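Asker:
Protein chains: 2
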Amino acid sequence: MRSHHRFFVAFALALAASLAFGTLALAQTDPLPSWNDGATRDAIVSFVEKVTEEGGSDYVAPADRIATFDNDGTLWIEQPAYVQLVFALDRVKQLAPQHPEWKDKQPFKAALEGDMKTLAASGQKGILELIMATHAGMTPTDFKQISKDWLAKAKDPRFKRHYTQLVYQPMLELLSYLRANGFKTFIVSGGGIEFIRAFSEDIYGIPPDQVVGSSIKTKFEIRDGKPTLVRLPEMNFVDDKTGKPIGINQHIGQRPIAAFGNSDGDRQMLEYTKAGDGARLAMLVLHDDAKREYAYGPAEGLPDSKVGTFTQALYDEAKKDGWVVISMKNDWKQIFPPPSAD
Amino acid sequence: MRSHHRFFVAFALALAASLAFGTLALAQTDPLPSWNDGATRDAIVSFVEKVTEEGGSDYVAPADRIATFDNDGTLWIEQPAYVQLVFALDRVKQLAPQHPEWKDKQPFKAALEGDMKTLAASGQKGILELIMATHAGMTPTDFKQISKDWLAKAKDPRFKRHYTQLVYQPMLELLSYLRANGFKTFIVSGGGIEFIRAFSEDIYGIPPDQVVGSSIKTKFEIRDGKPTLVRLPEMNFVDDKTGKPIGINQHIGQRPIAAFGNSDGDRQMLEYTKAGDGARLAMLVLHDDAKREYAYGPAEGLPDSKVGTFTQALYDEAKKDGWVVISMKNDWKQIFPPPSAD
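Going down the list, the protein sequences come from chains A and B.
Just so we're aligned, residue 26 is where the first sequence starts under this note's numbering, counting upward by one.
Just so we're aligned, residue 26 is where the second sequence starts under this note's numbering, counting upward by one.
If you want it as structure tokens, here you go:
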């Protein structure tokens, strides 16, 4: 009888402890099961252990544990075209009946005909025109729903999976691992802030207010007697290259201690992160796995790419300044979540 | 012996429960001790109970429990002048030796001579000129430190207390009460975002990334070989009136379910908040307590004020649309935290 009670007491106290610290189960589980053993994984774990070790010389208070992640090519797939561009092209097709003039007007004509060569030739200006024509005119709430509806239907032609399943499993684990260690995780993307917000909470566990991205302007107006915002066909902010540290300062208000990217568009974000005092972690995903995903650079002799360009100069800067280059091929056990998750 | 064990078991289980839910002590403590009993306080409590009641028709998931607070006149004092303006005037005096031309140039001459009449006559343009001259040229980190240093020294002449102590105790309790009920609390202020970030975490428990405010532009550059941002003398965004819903959408990405203000500058934020579906709470602080703080409107016959103008039209809209007007005089037991906190 006595041991019976003793068991109860021990159990209840263990329960108290595990509820209080929430770590009983976690402590015995590998938080990064999709990462191969090696220097890359070690760099992550040793950084996290350093900055969370109370009393240690590299300790960082939880309020300052800010980690920023690029999205396209860092958290999810970006080849052969940015997902948001595929979305914009589908929108052009869907809206075409209301715009008979598009049949004869570039870049819409090219978009409708699937003429990617002419579309590419229209450059950033052409792409922006498509975005403005398909992303503006509605409220942010309606745009979010349009994005969600599209994401629920559209599938990548090569992998035959929804784009929200073509996220990198090792990065999902990294996000969770950082959050479990008191980090606040943010997306800092050249992509549209409202498009990313349509899935960031469900897919990455990152709430809308922790997404920084490019944006178009909005206008406050009374529509059908109801105060609302309307999206305007006018750029507000381009969150790319030098825009990334600027966007970080505007939205987050603190210099990150860890930053993750995969292209030259992330260079200034990583430089800005590394330039702060104390322990810092800067990582770049190198897409060197043509078999399981894609291989592109042109760093290290990988094929040239206009989408997610990773130049040799960036690679050299990374090596010189102690940034860590993640090799998809060597560092990741698996790329995407298991198909059962679809 | 048996009852002894039973006590242990009961105690351990109670401990487990209290650690898990964190409510054992709280449940027995009034979360809003500085609020008088009455309709205003009831409006807060019944709203929070409604939106947190699982299975209730007004239930709101924690991820959507967004509450936004104006700062000047809603969370802290704004009379006889906005605190940030007092800061800018002190900065003009401090920087004057490096700017001999200011002696003869308005609005700097008026600022240096304490000629508030001429300064007021220079209007918003004059004030902006002062802000640009005193808030730009440095990094955001340096500006934060300059602001912190000033806040640690400067005192309000009437109350002889630091401005960070002239925050409204009932609103501090409201912030905590909302957060304890799963709300994410944001500041949405016409004031400068970086100035507010210098104290929002310490004083309000609101981290830098949950502050929305007016801003000047920044530029990424390499300074002394170190990548950094520099504040430019150029407006980026005015977070006032229709700017508030726009700023909310840009930074938060969700329509708030509760919003708190005190002036016509907050009108659109409250309208936007109330226009959403489901239970909503919109509140305005009316400064009607000349004895303990200030009395100004001009709503309800209170003296006219250029700082924190609360018009009769706003008051009438509030009454018509079910917003709650907080009477400082009648609803608040005390205005500021006890002096011992200084």
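For each residue, glycine too, the CB sits at the ideal point set by N, CA and C.
Treat the numbers as computed from the prediction; the structure is a model and nothing was measured.
Would Asp115 (chain B) and Tyr107 (chain B) qualify as a contact pair, given that the criterion is a beta-carbon distance under 8 Å?
Answerer: No, these two residues do not count as a Cβ contact at 8 Å.
Asker: Taking Phe22 (chain A) and Asn287 (chain A) to be in contact with their CB atoms under 8 Å, please state how far apart those CB atoms are, rounded to whole angstroms.
Answerer: Look at the range of chain A in this structure, 26 to 367, and you will see that residue 22 (chain A) is not part of it.
Asker: Secondary structure at Trp357 (chain A), three-state DSSP: helix, strand or coil?
Answerer: Trp357 (chain A) falls in the strand class under three-state DSSP.
Asker: Of all the alpha helix (DSSP H) runs that stay within the bounds of the region 317–348 of chain B, which reach a length of 4 or more residues?
Answerer: Taking only runs of at least 4 residues, the alpha helix (DSSP H) segments lying wholly in the region 317–348 of chain B are 337–345.
Asker: Does DSSP put Arg280 (chain B) in a helix, a strand or coil?
Answerer: Arg280 (chain B) falls in the coil class under three-state DSSP.
Asker: Quick one: residues in its chain with C-beta nearer than 8 Å to the C-beta of Ile91 (chain B), no 5 flanking neighbours on either side, listed in chain order?
Answerer: Only Phe208, Lys209, Phe211, Ile277, Gln279, Arg280, Pro281, Ile282 and Ala283 meet the Cβ criterion.
Asker: For the region 277–303 of chain B, which residues have a CB atom closer than 7 Å to at least one CB atom of chain A, in sequence order?
Answerer: So the list reads Ile277, Gly278, Gln279, Gln293, Glu296, Tyr297 and Ala300, given in the order they occur along the chain.
Asker: Residues of the region 90–119 of chain B in Cβ contact with chain A at a cutoff of 9 Å, in chain order, please.
Answerer: So the list reads Ile91, given in the order they occur along the chain.
Asker: Quick one: is Leu51 (chain B) near chain A, going by C-beta distance under 8 Å?
Answerer: Summary for Leu51 (chain B): the model assigns pLDDT 49, below 50, so the residue's position carries little reliability; its value from the coordinates is reported in the next sentence. So, not an interface residue.
Asker: Hey, how far is the Cα of Met196 (chain B) from the Cα of Thr189 (chain B)?
Answerer: If I take the Cα positions, the gap works out to 13 Å.
Asker: Buried or exposed for Asp329 (chain A), going by 16 or more other Cβ atoms inside 10 Å?
Answerer: The residue in question, Asp329 (chain A), is exposed, as its Cβ has fewer than 16 Cβ neighbours within 10 Å.
Asker: Could you tell me how far apart the beta carbons of Ala343 (chain A) and Val350 (chain A) are, in whole angstroms, since I believe they sit closer than 8 Å?
Answerer: About 5 Å; that satisfies the 8 Å criterion.
Asker: Quick check on Glu226 (chain A) - is its C-beta less than 8 Å from some C-beta in chain B?
Answerer: Yes, because at least one Cβ of chain B sits closer than 8 Å to the Cβ of Glu226 (chain A).
Asker: Just to confirm, are Thr54 (chain B) and Asp356 (chain B) a CB contact at a threshold of 8 Å?
Answerer: For Thr54 (chain B) and Asp356 (chain B), no; Cβs fall outside 8 Å.
Asker: Taking DSSP as the reference, what is the three-state secondary structure of Lys266 (chain A)?
Answerer: It is coil, neither helix nor strand.
Asker: Nearest-angstrom Cα distance between Gly290 (chain A) and Arg222 (chain A)?
Answerer: About 20 Å.
Asker: Examine chain B for any beta-carbon lying closer than 8 Å to the beta-carbon of Thr48 (chain A), and answer yes or no.
Answerer: Here the model assigns Thr48 (chain A) a pLDDT of 48, short of 50, so the residue's position is not dependable and the matter cannot be decided.
Asker: Note down, in chain order, each residue of its chain lying with its Cβ closer than 6 Å to the Cβ of Met157 (chain B), except the 5 sequence neighbours on either side.
Answerer: Around Met157 (chain B): Pro258.
Asker: Three or more C-beta pairs closer than 8 Å, one from the region 260–276 of chain A and one from the region 251–268 of chain B: is that the case here?
Answerer: These segments touch.
Asker: Is the region 59–74 of chain A in contact with the region 160–178 of chain A, if contact means three or more CB pairs nearer than 8 Å?
Answerer: No, the region 59–74 of chain A is not in contact with the region 160–178 of chain A.
Asker: Here's the rule: buried if 16 or more other CB atoms are within 10 angstroms of the residue's CB, otherwise exposed. What is Asp249 (chain B)?
Answerer: Label assigned to Asp249 (chain B): exposed.
Asker: Of all the residues that make up the region 191–224 of chain A, which are near chain B by a beta-carbon distance shorter than 9 Å?
Answerer: Within the region 191–224 of chain A, the qualifying residues are Lys209, Phe211, Ile218, Glu219 and Arg222.
Asker: So with CB distances below 8 Å, who are the chain A contacts of Ser240 (chain B)?
Answerer: Those are Gln275, listed as they occur along chain A.
Asker: Under 8 Å Cβ-Cβ, which residues of chain A neighbour Lys251 (chain B)?
Answerer: Near Lys251 (chain B) (Cβ distances below 8 Å), the residues of chain A are Ala300.
Asker: Suppose you measure from the CA of Glu79 (chain B) to the CA of Tyr297 (chain A); what does that come to, to the nearest Å?
Answerer: Approximately 44 Å, taken between the alpha carbons.
Asker: Any beta carbon from chain A within less than 8 Å of Ala88 (chain B)'s own beta carbon?
Answerer: For Ala88 (chain B), the answer is yes, since a Cβ of chain A falls inside 8 Å of its Cβ.
Asker: Find the nearest neighbour of Glu397 (chain B) within the set A:Pro233, A:Ser225 and A:Gln293, judged by alpha-carbon distance.
Answerer: Only positions 26 to 367 of chain B appear in the structure, and residue 397 (chain B) is not among them; the question remains open.
Asker: Which residues in chain A have a C-beta closer than 8 Å to the C-beta of Pro165 (chain B)? List them in chain order.
Answerer: Ordered by position in chain A, the residues that pass the 8 Å Cβ test against Pro165 (chain B) are Asn274 and Gly278.
Asker: Which one of B:Arg317, B:Lys244 and B:Asp95 has the shortest CA to CA distance from Ile218 (chain B)?
Answerer: Of the candidates B:Arg317, B:Lys244 and B:Asp95, the one whose C-alpha sits nearest the C-alpha of Ile218 (chain B) is B:Asp95.
Asker: Please list the terminal residues of the continuous beta strand (DSSP E) segment that includes Glu74 (chain A).
Answerer: Looking at the DSSP string, Glu74 (chain A) is not in any beta strand (DSSP E); the run it does join, the alpha helix (DSSP H), is Ala64 to Thr77.
Asker: Is the beta carbon of Tyr229 (chain A) less than 8 Å from the beta carbon of Leu100 (chain A)?
Answerer: It is a contact, given that the beta carbons lie within the stated cut-off.
Asker: Which residue wins for smallest C-alpha separation from Asp313 (chain B), given the options B:Ala307, B:Gly322, B:Leu306 and B:Arg305?
Answerer: For Asp313 (chain B), the nearest C-alpha among the options comes from B:Gly322.
Asker: Going along chain A in order, which residues have a C-beta closer than 7 Å to the C-beta of Thr336 (chain B)?
Answerer: Residues of chain A passing the Cβ test: none, with the nearest at roughly 18 Å.
Asker: Going along chain B in order, which residues have a C-beta closer than 7 Å to the C-beta of Pro233 (chain A)?
Answerer: Residues of chain B passing the Cβ test: Ile277, Gly278 and Gln279.
Asker: For Gly286 (chain A), list the residues DSSP reports as bridge partners.
Answerer: BP columns for Gly286 (chain A) point to A:Leu309.
Asker: Would DSSP call Lys150 (chain B) helix, strand or coil?
Answerer: Correct three-state label for Lys150 (chain B): helix.
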